[in-house]
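J.:
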Amino acid sequence: MKNRTASVALMHARDKWTWLYIPWMVLLSSFIVNFAIGLIARPDNFTTGGLLSILIYMLVAGMIVIHQTFSFALGLCITRRSYFAGTAAAAVGFILLSAVLLTVMLLLERATGAWGVGLHFFEIPYLSDSGAGLALWTFFSLLLFMFFGGLATGSLFRRFGKKGLFSFFLLCMLGFGGWTAVVTAKNWWRGVGSWLMKLDFTIVQTTFLLLACALALAAISYMLLRRSTVQT
């Protein structure tokens, strides 16, 4: 069991392009573009959404990793449990590494006075006064949540196919549409807004909520993969 799990983790670890190089190439490309804008336009302390690129990439990576490796791994007599454990372990390892790198870049950004051009690229809202430890934990929980969100989506597709995935999102849209229709008809939007304002989560509470959601998504992914078939 442990050897098979380690084999799956090693299989993923060898694919450094997917897990490390490409997301950081995308992120740094966005950073360079925004830095150039800062040099040319000289705006006063501007914030970009460039950090979203690595978060979106982790979501997509979670979606496609099942398609790329699931059938191959099971063809090597790897159990579904070992596959999931090895994939999760590799993901956590690479996510931790990316979180460390993001924290280092954030500290450099602060030390250089926003890169000398007023560019706040790696700063997260409500995190400006935090230390390195909280920044690292925040980056880690965000990336983990996005990856397992993608993994759950990919597992759903593997288990039920295109029709199942389409039906799931259709039901979600119908449910959300029905909820908004009821809230609008009952004129409850002010009450909903007041309730949301009263939540007032701290950054620490938010990160633990993201972690809990990531664990729930991981459990859902595992349950779906347990009943998924190998596709050739």
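Numbering (this note's numbering), first residue to last: 1 to 232.
Beta carbons: idealized from backbone N, C-alpha and C, even for Gly.
Going by other Cβ atoms of all chains shown within 10 Å of its Cβ, with 16 needed for buried, is residue 62 buried or exposed?
T.: It is buried - the Cβ of residue 62 has at least 16 other Cβ atoms within 10 Å.
J.: Beta carbon of residue 97: closer than 8 Å to some heavy atom of the ligand NAP?
T.: Annotation note on the ligand NAP: not contained in the displayed structure, which lists no ligands.
J.: Identify which residue in 78, 218, 30, 217 has its Cα closest to the Cα of residue 50.
T.: Residue 50 has its Cα closest to that of 30, out of 78, 218, 30, 217.
J.: Among 98, 230, 167, which one has its Cα closest to the Cα of residue 142?
T.: The shortest C-alpha separation from residue 142 is found at 98.
J.: So the alpha helix (DSSP H) residue 135 belongs to, where does it begin and stop?
T.: First-last of the alpha helix (DSSP H) with residue 135: 132 to 185.
J.: Relative to the C-alpha of residue 148, which residue among 218, 38, 69, 169 is closest?
T.: Residue 218 is the option with its Cα nearest to residue 148.
J.: Looking at the secondary structure, which residues open and close the alpha helix (DSSP H) in which residue 123 lies?
T.: Per DSSP, residue 123 belongs to no alpha helix (DSSP H) and is neither H nor E.
J.: Could you pull the DSSP bridge partners for residue 47 from this structure?
T.: According to DSSP, residue 47 bridges with 120.
J.: Apart from the five residues just before and just after residue 157, which ones in its own chain have a Cβ nearer than 6 Å to its Cβ?
T.: Result list for residue 157: 165, in chain order.
J.: Flag this pair as yes or no: are the beta carbons of residue 90 and residue 19 separated by less than 9 Å?
T.: A contact, by the Cβ cut-off of 9 Å.
J.: From 176, 154, 25, 121, pick the residue whose C-alpha is nearest to that of residue 220; which is it?
T.: Of 176, 154, 25, 121, the residue nearest in Cα terms is 154.
J.: Cα-Cα, which of 47, 27, 40, 209 is closest to residue 55?
T.: Among 47, 27, 40, 209, the Cα nearest to that of residue 55 is on 27.
J.: Straight-line CA distance for residue 9 to residue 223?
T.: Distance between the alpha carbons of residue 9 and residue 223 is about 19 Å.
J.: With C-beta atoms as the reference, is residue 159 less than 9 Å away from residue 79?
T.: Against a cut-off of 9 Å, the Cβ pair of residue 79 and residue 159 comes out as no contact.
J.: Taking buried to mean at least 16 other C-beta atoms within 10 Å of its own C-beta, is residue 21 buried or exposed?
T.: Flag for residue 21 reads exposed.
J.: Cutting at 7 Å between CB atoms, please list the residues of its own chain near residue 94, excluding the five before and the five after it.
T.: Answer for residue 94: 19, 20, listed in chain order.
J.: Would you call residue 66 buried or exposed, if buried means 16 or more other Cβ atoms sit within 10 Å of its Cβ?
T.: Label assigned to residue 66: buried.
J.: Pick helix, strand or coil for residue 113, following the three-state DSSP scheme.
T.: Looking at residue 113 - three-state DSSP - the assignment turns out to be coil, as it is neither helix nor strand.
J.: Who are the near neighbours of residue 102 in its chain, counting only those whose CB is closer than 7 Å to its CB and skipping five residues on each side?
T.: Excluding sequence neighbours, residue 102 sits near 122, 139.
J.: Measuring CB to CB, does residue 145 end up less than 9 Å from residue 211?
T.: The answer is yes: Cβ separation under 9 Å.
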